[in-house]
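Participant: One structure coming up, written as structure tokens, with questions to follow.
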Amino acid sequence: MTSTDPALERQLREIFDARDRENMQPTIEAFLAVLAEHPDDAAVLYEVGGSYDTAGEEETALGYYERAMSEGLEGDILRRCLLQYGSTLRALGRYDESLAALDRALALFPASPSVRMWHALSLHAAGRSDAAVAELMELAIDEVRTPDLVRYEAAVRGNAAYLRDLDSASIRSSGR
6 MTSTDPALER QLREIFDARD RENMQPTIEA FLAVLAEHPD DAAVLYEVGG
56 SYDTAGEEET ALGYYERAMS EGLEGDILRR CLLQYGSTLR ALGRYDESLA
106 ALDRALALFP ASPSVRMWHA LSLHAAGRSD AAVAELMELA IDEVRTPDLV
156 RYEAAVRGNA AYLRDLDSAS IRSSGR
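Under our numbering, the residues of the sequence shown are numbered 6 to 181, in order.
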């Protein structure tokens, strides 16, 4: 279960807000100190993972993300963890695992633009550019409701469907 202790949540937010993305070591140390006091807290584990991830220590981050999810993350923090976990797997070249994590995130949070964006990025990294462009087209037409896009909504959706069909055919022909 995700932490609901308001004092702990405030402490995590303060550490996060004070981070320096160019020098993550003080942030990592601060989160590790909190983790020493709350060793099984899912939210703390997630923040430690995120700090290592930002510092470029992706392999270390993965273990914390996995532990955070096994400790019962839920709600928006689970969405963020799955997104970051999938993104980190993509950065490490583990595309199938990345897509699996982001597919799970999409199933749980289908309306999340950030999950859809990172899912498209992982599709592209996995060599599935047709599916990636389709996803981005659908994201744009769902989220950018300007008159000039709305006018072409049917065409955008039709082209996205066509690109998804191309992706499916490519997957079938390659035996993936």
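Each residue gets a CB set at the ideal place from its N, CA and C atoms; glycine is no exception.
#1: If you run the structure through DSSP and keep just helix, strand and coil, what is Asn28?
#2: Should Thr151 go down as buried or exposed, given a rule of 16 or more other Cβ atoms within 10 Å for buried?
#3: Using the Cα positions of Asn28 and Ala60, report the straight-line distance between them to the nearest angstrom.
#4: Taking the continuous alpha helix (DSSP H) assigned at Leu97, which residues delimit it?
#5: For Arg24, which residues from the same chain have a beta carbon less than 6 Å from its beta carbon, with the 5 sequence-adjacent residues on both sides left out?
#6: Using C-beta distances below 8 Å, list every residue in its chain close to Ala48, excluding the 5 sequence neighbours before and after it, in chain order.
#7: Around the Cβ of Gln30, are there at least 16 other Cβ atoms within 10 angstroms (buried) or fewer (exposed)?
#8: Taking the alpha-carbon positions, what's the Ala55 to Ser173 distance?
#9: First and last residue of the alpha helix (DSSP H) that includes Ala130?
Facilitator: Let me spell this out:
#1: coil
#2: exposed
#3: 7 Å
#4: From DSSP, Leu97 is part of no alpha helix (DSSP H); its letter is neither H nor E.
#5: Thr32
#6: Thr7, Ser8, Leu13, Glu14, Leu17, Ala73, Leu78, Ile82
#7: exposed
#8: Note that residue 55 is Gly in the sequence shown, not Ala. Going from the Cα of Gly55 to the Cα of Ser173 covers about 34 Å.
#9: 118–130
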